[in-house]
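Read left to right, the sequence shown gives residues 689 to 843 (the working numbering).
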Amino acid sequence: MRKAYLVGAVILAGTVLSGCGSDDSTPDPPSRGTQAGPQHSDKAPADKQDTVIERATGSWKTILRKTDIETLTIKDGQVSAKGSTLECKGSLKPSTQDGKEAPSLTFSSCKGSTDGGRGLGHLTLKDTKNDALAINWEGPKGGWGGPVDSFRRTG
C-alpha cells in the first residue's frame with residue numbers, strides 16, 4: 689500500500705512540475721504578486737544612450753599606483769590630465785577601433801613639453817555603469833606601444 693502511495697505521489701509531483709513550463713514562444717503573463725514595488729534597471733533608457741565621449745564626461749581618478757596621470761577631467765570633449773610629473777590638455781575625437789566606438793585622444797599641450805611617451809590614445813568605458821575608463825596609448829611613433837591608464841569615476 690505504501691508503494692502505491694509513493695508511486696502516486698511521484699506521478700503527481702512529476703505532473704505538477706512538468707506543467708510549470710511551456711514550449712511555445714509566447715511569454716507568460718506576469719502574475720499579480722510579482723510587481724511588488726517600483727522596478728529599477730541598471731540600463732539607461734534607449735533614448736539616453738549617448739556617445740562614449742558624452743558618457744565619459746566628468747572627473748576620474750587613477751586606479752594605478754605608479755603613473756604619470758593621477759586625475760583626468762573630461763568636459764565637452766576637452767581633456768585635462770594632471771599628475772605629479774605630468775600636466776596636459778587635449779581633446780577627444782570620435783573614432784572606432786576593432787569595430788567599437790573608441791574616441792581618440794592626443795595631448796596638444798603639456799607642461800614640460802612631454803606627454804610621458806603616450807602619443808595617440810583610444811578611450812574605452814568598461815562596465816555598464818560607465819564608472820571605469822581606460823586609455824590605451826599607442827606610444828611614440830616607431831615605438832613598441834605605450835602605457836594603459838585606468839581610472840574610476842569620482843564625479
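Glycine residues also receive a C-beta, built at the ideal position from the N, C-alpha and C atoms.
DSSP on residue i, reduced to helix/strand/coil?
i	result
G833	coil
R753	coil
E758	coil
F839	strand
Using C-beta distances below 6 Å, list every residue in its chain close to residue i, excluding the 5 sequence neighbours before and after it, in chain order.
i	result
N824	H810, V836
E789	V740
G765	I741, S779, L780
P782	P791
Quick test of your reading: residue i and residue j, contact by CB under 8 Å. State the CB separation rounded to the nearest angstrom.
i	j	result
K749	F839	6 Å
Would you mind reading off the limits of the alpha helix (DSSP H) that contains residue i?
i	result
E742	740-743
Where do the N-terminal and C-terminal ends of the beta strand (DSSP E) with residue i fall, by residue?
i	result
K777	775-781
G809	809-813
N824	820-825
S796	792-798
S772	Counting along the chain, S772 falls outside any beta strand (DSSP E), and DSSP gives it neither H nor E.
Here's a check: name, in chain order, each residue in its chain whose Cβ is nearer than 7 Å to the Cβ of residue i, leaving out the five neighbours to either side.
i	result
K763	T745
I751	S838, F839, R840
K799	E775
I want to see whether chain B comes within less than 7 Å of residue i, judged by CB atoms only; does it?
i	result
G787	This model lacks chain B altogether, as it is built from one protein chain only.
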